[in-house]
Structures are given as C-alpha cells and as structure tokens.
Amino acid sequence: MKKGTKKIKSQTSVLMEGSIEALKEQIERLEMENAYQKKLNALLLMQEKLQINEPTMGNGRN
Numbered sequence: 006m007k008k009g010t011k012k013i014k015s016q017t018s019v020l021m022e023g024s025i026e027a028l029k030e031q032i033e034r035l036e037m038e039n040a041y042q043k044k045l046n047a048l049l050l051m052q053e054k055l056q057i058n059e060p061t062m063g064n065g066r067n
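Numbered per our numbering, the sequence shown spans residues 6 to 67.
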C-alpha cells in the first residue's frame, strides 16, 4: 500500500511541476501581450491627438 501511495504522490508531483511550468509560460506570454497592447494603445492615443491638433484645410487660418 505504501509503495502505491508513494508512486501516486510522485506522479502527482510531476504533474504539478508540469502544470506550474505551463502556467509560468502562460503568464510570460500574457505579460508580453499586455506590454504590446499598452504600446499599441499609446500609439493610438498619439495618433488621435495628432489628428485633433492637425489643422484642416479651408478653415480660414493660413
């Protein structure tokens, strides 16, 4: 009985280690995606501000 229990615990440990490693990789990917999204949002905000501040033709200002 003890041998079987020990083997199950060992298999469970291996599975948990694999799951933990997979979660770490997933967190890393999500952090990269988050950083990319933040940069994209900043660029979109800059573009929006440029469009607002850009003088339009025919507005009477020269």
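The beta carbon of each residue, even a glycine, is placed where N, CA and C say it ideally should be. Remember, predicted model here, so these are calculated numbers, not experimental data.
For Lys-30, collect the residues of the same chain with a Cβ closer than 8 Å to its Cβ; drop the 5 residues on either side in sequence, then sort them by chain order. Note that residue 30 corresponds to Glu in the displayed sequence, not to Lys. Correct list: empty, nothing qualifies.
Glu-89 versus Gly-9 - alpha carbon distance: The requested residue 89 does not occur in the structure, where the chain is confined to residues 6 to 67.
So what does DSSP say about Glu-53, is it helix, strand or coil? helix
How many Å lie between Glu-36 and Ile-13 at the Cα? 34 Å
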